[in-house]
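Residue numbers (numbering that gives the first Met the number 0): 0 to 207.
We put the CB at the ideal spot given by N, CA and C, even for glycine.
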Amino acid sequence: MASRKTVGVLLFEGFELLDVFGPLQAWGMLAEITRAYTIVAAAETPGPIRSAQGPRAVADYALADCPPIDVILVPGGIGTRREVNNAALLEWLRRRAAQAEVVTSVCTGAALLACAGLLDGRRATSNKLAFKWVTSQGPAVQWVGQARWVEDGKFTTSSGVSAGIDMALAMIARLVDVNTAEQIAIRMEYEWHRDPSWDPFAKIHGLV
Numbered sequence: 000m001a002s003r004k005t006v007g008v009l010l011f012e013g014f015e016l017l018d019v020f021g022p023l024q025a026w027g028m029l030a031e032i033t034r035a036y037t038i039v040a041a042a043e044t045p046g047p048i049r050s051a052q053g054p055r056a057v058a059d060y061a062l063a064d065c066p067p068i069d070v071i072l073v074p075g076g077i078g079t080r081r082e083v084n085n086a087a088l089l090e091w092l093r094r095r096a097a098q099a100e101v102v103t104s105v106c107t108g109a110a111l112l113a114c115a116g117l118l119d120g121r122r123a124t125s126n127k128l129a130f131k132w133v134t135s136q137g138p139a140v141q142w143v144g145q146a147r148w149v150e151d152g153k154f155t156t157s158s159g160v161s162a163g164i165d166m167a168l169a170m171i172a173r174l175v176d177v178n179t180a181e182q183i184a185i186r187m188e189y190e191w192h193r194d195p196s197w198d199p200f201a202k203i204h205g206l207v
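Okay, here's the thing in structure tokens:
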């Protein structure tokens, strides 16, 4: 059996709950089905990390001690407003993104990738309600106003909150196969939006 790949989620105070646990539900089911993936969580300091909604998630590792990550998941949340100024976290993202196979973000997590310079010259999207703030963090990024998620090379960014589930399923289809992604969506009893351009929220928030 080939060695396992690792999905690593970045945690910080004020992360959005569904940004993390929506995609991790899909990745976790992939781990159960294939036994080829494992999931870890990392933060500046290990231990309980408070979400924007209150409940805490536990970081298994400090950023400095985190094992190699094949698939990076960067959530959004109100905490991104603070973390865009966290030089150590941004440097960690630069270093780990260079080593990863796939780098993903949900919601305002794209602002962290943008501030790290990882999206310069690339197409990307983010939460539509917070789109003006996110795009201000990356003037060299080719921001896409209407998109459920956007793939550009190893980087995939999604719209707000629940869009992360669609993105995760799309990444599973890309890295494993479509049939496995479909099985996971069925097990989740989730109606998978497969069209990355499906985005009614862009109109609601005046982006189209």
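When DSSP reads this structure, LYS4 sits in a beta bridge with TYR36.
Less than 9 Å divides the Cβ of GLY75 from the Cβ of GLY108.
Proximity to ALA129 across LEU118, GLY144, ALA139, GLY116 peaks at GLY144, based on C-alpha coordinates. The C-beta distance from GLY159 to CYS114 rounds to 18 Å, too long to fall under 8 Å, and the pair is not in contact. Residue state for GLN141 is assigned as strand, using DSSP reduced to three classes. Taken through DSSP and simplified to helix, strand or coil, ARG121 comes out as coil. Distance from ALA41 to VAL83 at the Cβ level is roughly 18 Å; contact not present, criterion being Cβ atoms closer than 8 Å. Per the coordinates, the alpha-carbon of LEU16 lies some 10 Å from the alpha-carbon of PRO22. Contact between GLY13 and ALA51 holds, with the beta-carbon distance rounding to 5 Å and staying under 8 Å. With fewer than 16 other Cβ atoms from the protein chains shown falling within 10 Å of its own Cβ, ASP176 counts as exposed.
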